[in-house]
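These notes are about the structure you will find just below.
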Amino acid sequence: MELQRYRKPNIRTDSICKNSQRKYNPAWRNPPRPQNSAQNPKFSYLPYRSPTTAKNTSKRGTAVLIRRGIVHQPVNIQTELDSTSVNIKLENNITQVTAVYKSPGVTVKPTDLDALTNHDGPLIIGGDLNAKHTDWQCPQRNKSGKTLAQHAERVNRYSVVASDSPTHYPYIAAHRPDILDIFLLDLPNTHYLLTNHCELSSDHNPQMLNLSSRPSVCGPPSARKRINCFSI
């Protein structure tokens, strides 16, 4: 499985995933189809978006794109951060995938991290948390970075994973590059590879996370037949 996180100029897009219901719902349906998708083959991915909580909406907000056919369910997590979450089925495990963004003026709170990691299964949380810490090779620490490092040590269930090279190259020459785009991972028995791509025209590099696990998929249903992928 391949997860990508990228940011375009003036548009915040996190391709890893805001939640819905905390408990697993056995009545999960087949992945919904976007309008006119049957007539338009270009709709290969289903978008899930969460509007920003900030006053300035021009550069913030999160989204998750799920390839059509992958068994999934959007979920809603209430935090003071911008986030979008989707549960997907990886090797028979319900994995919660979250895209998250924290603007520089917002502080990461332990209660937000508790909410994002409160899932009985594997976790993938990725995005720009503006959380700096030497534990993931940032040149210096800030308040949000200290909060995240302390939370990870206290709960002892996920790891903070980041590139070994800068992911953010500021437009202001006086500001030095830094590692802002990170992942919080709890993936038992799953191998992963994180790649930092120096591509696109943004000040943030795209991050690609490749997993050894494969998602469950549903084939297109035949006429007059309804299927439940979770009963397979």
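Basically this note's numbering = 1-based index in the sequence shown + 619. Each residue gets a CB set at the ideal place from its N, CA and C atoms; glycine is no exception. Keep in mind it's a predicted model, so treat the numbers as computed, not measured.
* To do: Under 8 Å by Cβ, that's how I've got V705 and Q692 pegged, so tell me the actual separation to the nearest angstrom.
  => By one-based count along the sequence shown, residue 705 stands at place 86. By one-based count along the sequence shown, residue 692 stands at place 73. About 7 Å separates the two Cβ atoms, so the contact holds.
* **G764 - DSSP class collapsed to helix/strand/coil** => Mapped onto the sequence shown, residue 764 falls at position 145. Three-state DSSP puts G764 in a helix.
* What first and last residue would you give for the alpha helix (DSSP H) that runs through D733? -> Along the sequence shown, one-based indexing puts residue 733 at 114. Taken as a continuous stretch (DSSP letters only), the alpha helix (DSSP H) holding D733 covers 729 to 735.
* Compare the Cα-Cα distances from G724 to each of L806, L684, S763, T786 and report the closest residue. => As a first step, residue 724 must be located in the sequence shown, where it is residue number 105. Selected option, being the one with the closest Cα: S763.
* So who's on the other strand from G781, going by DSSP bridges? -> Numbered from 1 along the sequence shown, position 162 holds the residue referred to as residue 781. With the sequence shown as reference, residue 781 is identified as Ala, and Gly is not the correct amino acid for it. A781 is bridged to I801.
* Taking all protein chains shown into account, decide if A792 is buried (16 or more other Cβ within 10 angstroms of its Cβ) or exposed. => On the sequence shown, position 173 is the one that residue 792 refers to. The residue in question, A792, is exposed, as its Cβ has fewer than 16 Cβ neighbours within 10 Å.
* To do: State the start and end residues of the unbroken beta strand (DSSP E) segment that holds A718.
  => As a working mapping, residue 718 is identified with position 99 in the sequence shown. Start and end: 712 to 720.
* Contacting residues, own chain, Cβ-Cβ under 8 Å from S669 (five flanking each side not counted) -> Looking up residue 669 in the sequence shown gives position 50. If we look at S669 and ignore the five residues flanking it on each side, its Cβ neighbours are K637, G680, T681, A682, D701, S702, T703.
* Return the first residue and the last residue of the beta strand (DSSP E) that Y664 is part of. => For the purposes of this step, residue 664 is identified with residue 45 of the sequence shown, where counting begins at 1. For Y664, the uninterrupted beta strand (DSSP E) segment begins and ends at 664 to 669.
* **CA nearest to the CA of P785, picked from Q756, N695, Y664** => Stepping through the sequence shown from its first residue, residue 785 is reached at position 166. Looking at the Cα atoms, Q756 is the closest of the given residues.
* Between the CA atoms of N815 and A768 - distance to the nearest angstrom -> To locate residue 768, count along the sequence shown from 1; it is residue 149. To locate residue 815, count along the sequence shown from 1; it is residue 196. If you draw a straight line from the Cα of A768 to the Cα of N815, it is about 22 Å long.
* **DSSP bridge partner residues for Y811 (one or two, in chain order)** => Here residue 811 refers to the residue found at position 192 when the sequence shown is read from its first residue. According to DSSP, Y811 bridges with L830.
* Taking the alpha-carbon positions, what's the S722 to D822 distance? -> The sequence position of residue 722 within the sequence shown is 103, counting from 1. The sequence position of residue 822 within the sequence shown is 203, counting from 1. Between S722 and D822, the C-alpha separation is close to 15 Å.
* In chain order, what residues of the same chain have a beta carbon less than 8 Å from the beta carbon of H787, not counting five sequence neighbours either side? -> Counted from its first residue, the sequence shown places residue 787 at position 168. Taken in chain order, the residues that qualify are D747, P796, D797, I798, L799, D800, D822, H823, N824.
* Asked: What's the call for P653, buried or exposed, on a 16-neighbour Cβ count within 10 Å?
  -> Sequence index remark: in the sequence shown, residue 653 carries index 34 (1-based). In this prediction, P653 has a pLDDT of 44, which is less than 50 and means its spatial position is unreliable; nothing more can be read from the coordinates.
* To do: Would you please state the rounded distance, in angstroms, between the beta carbons of H740 and T714? I believe it to be under 8 Å.
  => Against the sequence shown, residue 740 aligns to sequence position 121. Against the sequence shown, residue 714 aligns to sequence position 95. Reading off the sequence shown, one finds Gly at residue 740, where the question assumed His. Going by Cβ atoms, the distance from G740 to T714 rounds to 6 Å, so yes, they are a contact pair.
* Asked: For A682, which residues does DSSP report across the bridge?
  -> Your numbering for residue 682 matches position 63 in the sequence shown. Looking at the DSSP assignment, A682 forms a beta bridge with R668.
* Can a CB atom of chain D be found closer than 8 Å to the CB of H691? -> Among the chains of the structure shown, chain D does not appear; only one protein chain is present.
* **Integer-rounded CB distance, given that V779 should sit under 8 Å from G688** => Residue mapping note: residue 688 aligns to position 69 of the sequence shown, counting from 1. Residue mapping note: residue 779 aligns to position 160 of the sequence shown, counting from 1. That pair is no contact at about 32 Å.
* Express the C-alpha separation of H810 and L804 in angstroms, rounding to a whole number. => Taking the first residue of the sequence shown as position 1, residue 804 is located at position 185. Taking the first residue of the sequence shown as position 1, residue 810 is located at position 191. Going by the C-alpha atoms only, they are around 11 Å apart.
* To do: Using 7 Å as the cut-off, classify the Cβ of L767 as near or not near the heavy atoms of the ligand HEM, replying yes or no.
  => Ligands in the displayed structure: none, and consequently the ligand HEM is not present.
* Quick one: residues in its chain with C-beta nearer than 7 Å to the C-beta of P666, no 5 flanking neighbours on either side, listed in chain order? => Stepping through the sequence shown from its first residue, residue 666 is reached at position 47. Cβ within range, chain order: A682, L684.
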